[in-house]
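Right, one structure below, let's go through it.
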Amino acid sequence: MNDREKERQKKLDTIHEEIVAYLDGELDENVSQRVEQRLGQDPTYRRRLQQMERAWDCLDALPQAEVDESFTHSTVEMVALAAEKELSLSATTNSRSLTTWFIGGALTLAAVAAGFIFTTWVIPDANQELLQDLPMIENIDMYLHADNVEFLQKLQEEKIFM
Amino acid sequence: MAISESTALKYERLDPDVRLMLKVRDDDAVAFEELMRRYQSRLITILQHVVGTRDQAEDLVQDVFLRVYRARKRYVPGAKFSTWLFTIANNVARNALRSSARRHEVNLGPTAGNESSALTLDQLAMAASGQMPTRQFDRNEMADIVRLAVTSLNERQQMAVLLSKFEEMSYADISQVMDLSPQAIKSLLSRARGKLRKILEPYLSLQQVPEDNQP
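Chains X and D, in that order, are what the protein sequence lines are. If you read the first sequence in numbering that gives the first Met the number 0, its first letter stands for residue 0, the second for the next number, and so on. If you read the second sequence in numbering that gives the first Met the number 0, its first letter stands for residue 0, the second for the next number, and so on.
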């Protein structure tokens, strides 16, 4: 397709769009008036519109569905079944979430208790160590005069300075 | 996109079907059945022409209503109820056509498996080129011709044409249903109707007989 043909095709497409939009009542007042004016003056344009309109009217020959009660009932039943399923699923989810809460609470309490035991028994208390060493701390000046621990132990065994 | 409160109120005030759907949202079963009664045949009509068979169209319509039911709690009116419903239907139909294409089930349209239809797309093409013997067609034959002409359109053109013809939807509403711009719908419908005219024109010139003479 050369440029001239392309241009011509584009022009035709625009005319078709305009005609179809006019038939569908989709044009604004000004454009509608312009189309109507052209319809009065241009027989080719008018014929094209009539052909479009007739082809469109042909679609009235297509059958339109009629639905009996049984279809309505079966759809209602299907939806009711889905609703029932939805309800039972939500009940299961609720009971599951209650159980989850109980288990979660119990685990938290157990963790707190374990933490308390660990900190009480396993980690050494700094104050406790100081209390144990208190006699040594109180007599540190005297201990500094002695050269070694064995000599002090001997003095204690002899009970010379008790 | 979030729907503003004023938009929701506008549609609630203007569209009685929106009010029914809001009752469905509050678990009103009677309102749901009423909506079904109002729309089931309209949906079947459209979907039957899109997917090809009545049975499949009925299955899809049931699927549409099931989706409406499941979406009820999230429903906020952001359009006319029919626009919302046909948007769901369009998605359901597109999914069905895609799965059917994946299964390599070549869909020849509404006449596939319908023995009463004697016309084929080849014959339509012959008629369009002026090679078909000239004779008048009765109402059923004409319906078959139109059906085949519609199936010659692509999926999008079919949906746009059917919504425009049977639902008398505006370009703006069709564009919402099909998630396209109104300008795209204008072009789509123009091309579709041009194609229909081309296919049907030879038959139309034969059909120009007085109404009384028609069967």
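Ideal placement from N, C-alpha and C gives every residue a C-beta, glycine not left out. Keep in mind the model is a prediction, meaning the values are calculated, not measured.
Min CB distance residue i to chain X below 8 Å
i: Gln55 of chain D; result: no
i: Gly51 of chain D; result: no
i: Met218 of chain D; result: For chain D, the structure presents residues 0 to 214; residue 218 of chain D sits outside this window and is missing.
i: Glu166 of chain D; result: no
i: Asn212 of chain D; result: Caution applies to Asn212 of chain D, whose pLDDT of 42 falls short of 50 and renders its modelled position unreliable; the value that the coordinates give is listed next. No, Asn212 of chain D lies away from the interface with chain X (no Cβ there is under 8 Å from its Cβ).
i: Ile43 of chain D; result: yes
i: Arg192 of chain D; result: yes
i: Leu199 of chain D; result: yes
i: Tyr10 of chain D; result: no
i: Tyr74 of chain D; result: no
i: Phe64 of chain D; result: yes
i: Leu188 of chain D; result: yes
i: Arg196 of chain D; result: yes
i: Ala183 of chain D; result: no
Beta-carbon gap between residue i and residue j smaller than 8 Å
i: Gln22 of chain X; j: Lys164 of chain D; result: Residue identity check: residue 22 of chain X is Leu in the sequence provided, not Gln. Not a contact, by the Cβ cut-off of 8 Å.
i: Ser186 of chain D; j: Glu16 of chain X; result: yes
i: Asp137 of chain D; j: Ser81 of chain D; result: no
i: Asn89 of chain D; j: Val29 of chain D; result: no
i: Arg46 of chain X; j: Leu38 of chain X; result: no
i: Glu33 of chain D; j: Phe70 of chain X; result: no
i: Ser189 of chain D; j: Val19 of chain X; result: yes
i: Ile45 of chain D; j: Leu162 of chain D; result: yes
i: Met141 of chain D; j: Tyr74 of chain D; result: no
i: Val23 of chain D; j: Asp62 of chain D; result: no
Short CB-CB distance (under 8 Å) between residue i and chain D
i: Lys9 of chain X; result: no
i: Val121 of chain X; result: no
i: Ile116 of chain X; result: no
Residue i: CB within 7 Å of a non-hydrogen atom of the ligand GTP
i: Pro181 of chain D; result: The ligand GTP is not part of the structure shown, which contains no ligands of any sort.
Cα-Cα separation between residue i and residue j, rounded to whole angstroms
i: Ser96 of chain X; j: Ala90 of chain X; result: 10 Å
i: Asp140 of chain X; j: Val111 of chain X; result: 45 Å
i: Val34 of chain X; j: Leu195 of chain D; result: 22 Å
i: Ala148 of chain D; j: Gln55 of chain D; result: 20 Å
i: Phe64 of chain D; j: Gln156 of chain D; result: 24 Å
i: Val30 of chain X; j: Ala54 of chain X; result: 23 Å
i: Leu154 of chain X; j: Gln127 of chain X; result: 28 Å
i: Asp124 of chain X; j: His144 of chain X; result: 31 Å
i: Thr98 of chain X; j: Gly104 of chain X; result: 10 Å
i: Asp163 of chain X; j: Ile2 of chain D; result: Any answer about residue 163 of chain X is impossible in this case: the structure gives chain X only from 0 up to 161.
i: Ser99 of chain D; j: Val50 of chain D; result: 9 Å
i: Tyr142 of chain X; j: Ala113 of chain X; result: 43 Å
i: Pro62 of chain X; j: Asn139 of chain D; result: 10 Å
Point to revise | Selection of the region 15-28 of chain X by Cβ proximity to chain D, strictly under 9 Å | key: His15, Glu16, Glu17, Ile18, Val19, Ala20, Leu22, Asp23, Gly24 and Glu25
Review point. At a Cβ cut of 9 Å, what residues of the region 27-53 of chain X count as close to chain B, listed as they run along the chain?
Key: The chain inventory of the structure shown lacks chain B, comprising the protein chains X and D.
Check your understanding: When you check each C-beta in the region 87-109 of chain X against every C-beta of chain D, which residues fall closer than 9 Å?
Key -> none
Review point. At a Cβ cut of 9 Å, what residues of the region 59-81 of chain X count as close to chain D, listed as they run along the chain?
Key: Asp59, Ala60, Leu61, Pro62, Gln63, Ala64, Glu65, Val66, Phe70, Thr71, Ser73, Thr74, Val75, Met77, Val78, Ala79 and Ala81
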